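To convert, take the position in the sequence shown, counting from 1, and add 8; that gives our numbering. Yeah, the Cβ is synthetic: ideal placement off N, Cα and C, and Gly gets one too. In this text, all values refer to a predicted model and were calculated from it rather than measured experimentally. First up is the structure itself, then whatever we jot down about it.
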Amino acid sequence: MEYRVLGNTGLKVSSFVLGTGTFGFWGNNTEKEAAVMLDEALAGGINLIDTADVYSSGQSEEILGHILKGRRQDVILATKGGMPMGSGLNQSGNSKYWIKRAVEGSLRRLQTDYIDLYQLHQPDLHTDIEESLDALTDLVREGKIRYIGTSNFQAWQVTEAQWTSERKNTARFVSEQAPYSILNRSIEFDLLAATAKYGMGVMVWSPLSGGLLTGKYRSGEAVAPDSRAASSLGKLSTVVDPNRDENRIKFEAVAKLQTLANEAGLTLPHLAMAFTQAHSSVTSAIVGARTIEQLRETLKGSDIRLSTDILDAIDAIVPPGVTLDALEKGWTPDWLQADKRRILG
Numbered sequence: 009m010e011y012r013v014l015g016n017t018g019l020k021v022s023s024f025v026l027g028t029g030t031f032g033f034w035g036n037n038t039e040k041e042a043a044v045m046l047d048e049a050l051a052g053g054i055n056l057i058d059t060a061d062v063y064s065s066g067q068s069e070e071i072l073g074h075i076l077k078g079r080r081q082d083v084i085l086a087t088k089g090g091m092p093m094g095s096g097l098n099q100s101g102n103s104k105y106w107i108k109r110a111v112e113g114s115l116r117r118l119q120t121d122y123i124d125l126y127q128l129h130q131p132d133l134h135t136d137i138e139e140s141l142d143a144l145t146d147l148v149r150e151g152k153i154r155y156i157g158t159s160n161f162q163a164w165q166v167t168e169a170q171w172t173s174e175r176k177n178t179a180r181f182v183s184e185q186a187p188y189s190i191l192n193r194s195i196e197f198d199l200l201a202a203t204a205k206y207g208m209g210v211m212v213w214s215p216l217s218g219g220l221l222t223g224k225y226r227s228g229e230a231v232a233p234d235s236r237a238a239s240s241l242g243k244l245s246t247v248v249d250p251n252r253d254e255n256r257i258k259f260e261a262v263a264k265l266q267t268l269a270n271e272a273g274l275t276l277p278h279l280a281m282a283f284t285q286a287h288s289s290v291t292s293a294i295v296g297a298r299t300i301e302q303l304r305e306t307l308k309g310s311d312i313r314l315s316t317d318i319l320d321a322i323d324a325i326v327p328p329g330v331t332l333d334a335l336e337k338g339w340t341p342d343w344l345q346a347d348k349r350r351i352l353g
């Protein structure tokens with residue numbers, strides 16, 4: 009396992025991150041199964057664990073709280089907040105009111121008195137970033153948070169936040185978590201340049217493109233009933249529906265990538281994970297395995313690095329900065345809604 013410094017923090021983190029979105033009913037993982045996966049991750053050299061309050065409605069954090077007892081100091085623990093955690097009008101977002109409540113909830117579920125990296129799960133266009141930074145700065149000063157980061161921010165939002173921190177002398181974001189894979193290279197267009205400019209680390213999620221880059225899904229073939237794509241979380245109709253032009257294009261690309269992987273003597277998942285490690289602005293890639301077998305197989309490729317020839321061949325299949333499916337960008341900004349982009353008379 010390779011270790012890299014998270015932005016300008018001096019904090020050394022593993023190039024693979026254990027993602028725990030499958031801990032809890034979202035992935036049907038019991039606490040016993042999750043403990044085995046945590047053991048495997050730590051044995052494989054992973055020292056950064058990523059979760060979120062919204063994962064399985066808090067269950068992921070609760071499970072981590074239990075299985076980390078006695079070894080909390082052995083890991084760098086990251087969580088996220090801001091997504092809806094109830095039906096209340098103020099049970100989501102990045103307001104000072106909700107951030108402080110959300111952090112207290114995460115601390116309680118994780119059974120810890122501090123969070124190493126607390127990330128805003130997505131931008132909140134209804135809250136000025138200054139208010140969010142004020143709340144996070146208070147929590148840093150109280151010792152409840154060590155570092156702060158963002159997730160799913162656009163390049164301009166990263167820049168605005170950095171300028172606000174400098175102007176108002178608040179804590180500043182040290183990392184960004186964004187979707188990135190061979191099939192979704194949109195963050196190469198400007199986001200990675202922005203994070204590099206401000207010395208931020210980058211964790212990327214969905215490096216296997218929702219499972220498409222495992223090679224187990226093929227155009228026109230039924231998916232396994234126990235696969236993530238077959239679950240409600242996997243959004244079967246959009247991930248593998250052969251009637252979508254985007255999926256047809258992605259399957260064509262996957263077939264070419266599989267051939268490339270075969271020629272290089274690699275598995276397709278190892279090729280895909282190694283691709284994320286090749287960009288100079290990427291710190292770590294999140295491994296969201298659902299089973300211990302998937303985790304073990306992914307960890308086998310943690311030290312694989314791709315040659316320039318292979319990276320050039322990948323560029324020929326999916327050019328830099330291009331995404332083959334807008335749905336893989338993670339979320340749709342409010343400003344793309346009709347009432348935000350049209351003059352209504």
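Length of the line joining the Cα atoms of residue i and residue j
{"i": "T87", "j": "D320", "result": "35 Å"}
{"i": "S194", "j": "A293", "result": "16 Å"}
{"i": "A261", "j": "P341", "result": "27 Å"}
{"i": "T135", "j": "G27", "result": "28 Å"}
{"i": "T172", "j": "G309", "result": "40 Å"}
{"i": "W343", "j": "G15", "result": "29 Å"}
{"i": "D47", "j": "I75", "result": "9 Å"}
{"i": "N270", "j": "A263", "result": "11 Å"}
{"i": "K243", "j": "H129", "result": "Residue placement at K243 cannot be trusted, given a pLDDT of 49 that sits under 50; what the coordinates show is reported in the next sentence. Approximately 20 Å between the Cα atoms of the pair."}
{"i": "A163", "j": "E184", "result": "10 Å"}
{"i": "Q345", "j": "A60", "result": "27 Å"}
{"i": "G18", "j": "R256", "result": "43 Å"}
{"i": "R80", "j": "N160", "result": "27 Å"}
{"i": "E70", "j": "G78", "result": "15 Å"}
{"i": "S245", "j": "A280", "result": "Legend: pLDDT at S245 = 49, less than 50; position of this residue unreliable, value from coordinates given subsequently. Rounded to the nearest angstrom, the two C-alpha atoms are 23 Å apart."}
{"i": "I318", "j": "L216", "result": "17 Å"}
{"i": "D333", "j": "E150", "result": "42 Å"}
{"i": "L241", "j": "W34", "result": "Interpretation of L241 is limited by its pLDDT of 46, a score under 50 that renders its predicted location unreliable; the figure taken from the coordinates is listed afterwards. Cα to Cα, the separation comes out at about 7 Å."}
{"i": "M45", "j": "I156", "result": "26 Å"}
{"i": "I153", "j": "N177", "result": "17 Å"}
{"i": "Y11", "j": "Q285", "result": "11 Å"}
{"i": "K40", "j": "I322", "result": "39 Å"}
{"i": "F24", "j": "D124", "result": "17 Å"}
{"i": "S64", "j": "Y225", "result": "25 Å"}
{"i": "S288", "j": "L335", "result": "25 Å"}
{"i": "L303", "j": "M9", "result": "14 Å"}
{"i": "Q99", "j": "G219", "result": "31 Å"}
{"i": "R259", "j": "K104", "result": "First, the amino acid is wrong: residue 259 is Phe here, not Arg. So the two alpha carbons sit approximately 44 Å from each other."}
{"i": "R350", "j": "W339", "result": "21 Å"}
{"i": "L268", "j": "K348", "result": "43 Å"}
{"i": "K20", "j": "V295", "result": "18 Å"}
{"i": "L307", "j": "V13", "result": "20 Å"}
{"i": "A42", "j": "V62", "result": "17 Å"}
{"i": "A5", "j": "E301", "result": "Nothing about residue 5 can be reported from this structure: the residues present for the chain run from 9 to 353 only."}
{"i": "G113", "j": "T316", "result": "46 Å"}
Residue i - containing beta strand (DSSP E), residue span
{"i": "L85", "result": "I84 to G89"}
{"i": "W213", "result": "G209 to W213"}
{"i": "G27", "result": "F24 to G27"}
{"i": "S159", "result": "I153 to S159"}
{"i": "D124", "result": "I123 to L128"}
{"i": "F181", "result": "F181 to P187"}
{"i": "V13", "result": "Y11 to V13"}
Cβ-Cβ distance between residue i and residue j below 8 Å
{"i": "T222", "j": "P277", "result": "yes"}
{"i": "N55", "j": "V83", "result": "yes"}
{"i": "A201", "j": "T167", "result": "no"}
{"i": "L274", "j": "I190", "result": "no"}
{"i": "R313", "j": "A282", "result": "yes"}
{"i": "G101", "j": "Q67", "result": "no"}
{"i": "V212", "j": "V290", "result": "yes"}
{"i": "D58", "j": "G90", "result": "no"}
{"i": "P328", "j": "E196", "result": "yes"}
{"i": "Y206", "j": "Q170", "result": "yes"}
{"i": "R298", "j": "T30", "result": "yes"}
Continuous alpha helix (DSSP H) stretch holding residue i: start and end
{"i": "S173", "result": "A163 to K176"}
{"i": "V148", "result": "I137 to R149"}
{"i": "L411", "result": "There is simply no residue 411 to check, as the chain begins at 9 and stops at 353 in what is shown."}
{"i": "R349", "result": "A346 to R349"}
{"i": "L199", "result": "L199 to K205"}
Chain B contact for residue i (CB, 8 Å cutoff)
{"i": "L221", "result": "This model lacks chain B altogether, as it is built from one protein chain only."}
The ligand SAH heavy atom lying under 7 Å from the CB of residue i
{"i": "R149", "result": "This structure simply doesn't include the ligand SAH, nor any ligand for that matter."}
>> Restricting to runs no shorter than 3 residues, where is the beta strand (DSSP E) found entirely within the segment 272–318?
In response: Annotation: the segment 272–318 contains the following complete segments of the beta strand (DSSP E) (minimum length 3 residues), in chain order: 292–295.
> Where are the beta strand (DSSP E) runs, 3 residues long or more, that stay fully inside the segment 38–102, in chain order?
Replying inline: For the beta strand (DSSP E) assignment, the uninterrupted runs of no fewer than 3 residues enclosed by the segment 38–102 are, from N- to C-terminal side, 56–58 and 84–89.
> If we count Cβ pairs, one from each stretch, closer than 8 Å, do we get three or more for the segment 50–57 versus the segment 107–121?
Replying inline: Flag = no, the segment 50–57 and the segment 107–121 do not touch.
> On the three-pair Cβ rule with 8 Å, is the segment 93–111 touching the segment 137–147?
Replying inline: Verdict: yes, contact present.
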